[in-house]
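J.: Heads up, the sequence shown is in my numbering, so the first residue is 13 and it goes up one at a time. Backbone N, C-alpha and C define an ideal beta-carbon position, used for all residues, glycine too.
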Amino acid sequence: MNASPHTARRSQHASTQRGGRTVPAIARLLVMAAAILCLATLWLLHRAITTPETVDLAATEWNLVLVNKDHALPFGFSVDTVEMPGGEHVDARIADSLSALLEDAETAGFHPFIRSGFRTREQQGEILDQRIEEYEAEGYPSSAARKEALSWVAEPGTSEHELGLAVDINDAYGDDGLYDWLRDNAPAYGFIQRYPPDKSDITHISHEPWHYRYVGTKAAAIIYRNNLTLEEYLAQTP
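As structure tokens, then:
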């Protein structure tokens, strides 16, 4: 039996409605897929921007290896260290220069000691985690605590302490005059104040008057005389 005109129109209308519901559903899926693709692209770009480049150790003099938030040590990096008075370790190649620096600081009337020397990648991670926890205990949200911690403590793999060429030197009696003495005298022994004031936009680390890095006497003299950071020195060195 043939359907009436009214029934046919109703059937056609229902079919159109069903088809109409299908098109928006497909469109929504396409929009979702595009959004996911966009987010994935942004994540990959973020990773490309924030993931530090691995240092090519063979292409740089050992005393001038640049390690910072943009330049990471390769996994498995190792260094021959020796123990200094007080128990901290440093790269064996800088031990004599460091000993001479500390002895002359004592002669000048200070009481220097190495608070921190060589660190493994794992130890660096523990220090960063501890600093983050301290800021969180003060009430910082997790993301803010991490950001604040990173202004003082480098990510594992990007700390100069892992090179064995950096030391934190303090005075046993809290004499801050040691920092001024080190700033002006350490270059003669091949060490520079690695994170000077007003340079954190370059080093990405807040001013640390106690943190010294061995670069050799030639580079140290130029860096000190021209008020440079290691980054600036290497950028202008052929």
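#1: Taking just the CA atoms, how far does Ala39 sit from Ile144?
#2: Are the beta-carbon atoms belonging to Glu174 and Arg131 less than 8 angstroms from one another?
#3: So for Thr93, helix, strand or coil by DSSP?
#4: Considering only residues of the same chain and omitting the five flanking positions on each side of Tyr245, which have a CB-CB separation below 7 angstroms?
#5: Is the segment 87-100 touching the segment 183-191 in the sense that three or more CB pairs, one from each, lie closer than 8 angstroms?
#6: Tell me the DSSP secondary structure of His216 in three-state form.
#7: If you count every other CB in all the chains shown that lies within 10 Å of the CB of Gln136, and 16 or more means buried, which is it?
#8: Can you tell me whether Ser128 is helix, strand or coil according to DSSP?
#9: Check each candidate in Leu78, Ala161, Asn238, Gly169 and name the one with the smallest Cα separation from Phe87.
#10: Can you give the beta carbon distance from His223 to Arg206, rounded, assuming they're within the 8 angstroms contact cut?
#11: For Ile181, report the span of its beta strand (DSSP E) as first-last.
#12: By the DSSP assignment, the beta strand (DSSP E) with Tyr207 in it spans what residues?
#13: Here's the rule I'm using: 16 or more other beta-carbon atoms within 10 Å means buried, otherwise exposed. How should Asp103 be labelled?
#14: Is it true that the CB of Gly176 sits closer than 8 angstroms to the CB of Thr229?
#15: Look up Ala120 in the DSSP assignment and say whether it is helix, strand or coil.
#16: Taking the alpha carbon of Ser109 as the point to measure from, which residue in Leu242, Val227, Ser154 has its own alpha carbon closest?
#17: Based on the DSSP secondary-structure assignment, which residues constitute the bridge partners of Asp103?
#18: Among Trp164, Val91, Arg127, Trp193, which one has its Cα closest to the Cα of Ser212?
#19: Looking at the secondary structure, which residues open and close the alpha helix (DSSP H) in which Lys159 lies?
#20: Check whether the Cβ atoms of Arg215 and Asn80 sit closer than 8 angstroms, and answer yes or no.
#21: Can you look up Ala166 in the DSSP assignment and give me helix, strand or coil?
#22: Once you ignore the five residues that flank Phe122 on each side, which residues in its own chain have a CB closer than 8 angstroms to its CB?
#23: On the CB-based measure, 16 or more other CB atoms within 10 Å of its CB, does Ala117 come out buried or exposed?
#24: For Asp7, report the span of its alpha helix (DSSP H) as first-last.
T.: To lay it out plainly:
#1: 44 angstroms
#2: yes
#3: strand
#4: Ala231, Ile234, Ile235
#5: no
#6: coil
#7: By the neighbour-count criterion, in which 16 or more other beta carbons inside 10 Å mark a residue as buried, Gln136 falls on the buried side.
#8: strand
#9: Gly169
#10: 5 angstroms
#11: 178-183
#12: 203-207
#13: Under this definition Asp103 is a buried residue.
#14: No, the Cβ-Cβ distance between Thr229 and Gly176 is not below 8 angstroms.
#15: coil
#16: Val227
#17: Under the DSSP definition of a beta bridge, Asp103 partners with Thr93.
#18: For Ser212, the nearest C-alpha among the options comes from Trp164.
#19: 154-162
#20: What sits at residue 215 in the sequence shown is Thr, not Arg. Closer than 8 angstroms, so yes.
#21: coil
#22: Asp183, Asp187, Gly189, Leu190, Trp193
#23: buried
#24: No statement about residue 7 is possible, as the shown extent of the chain runs from 13 to 250 and does not include it.
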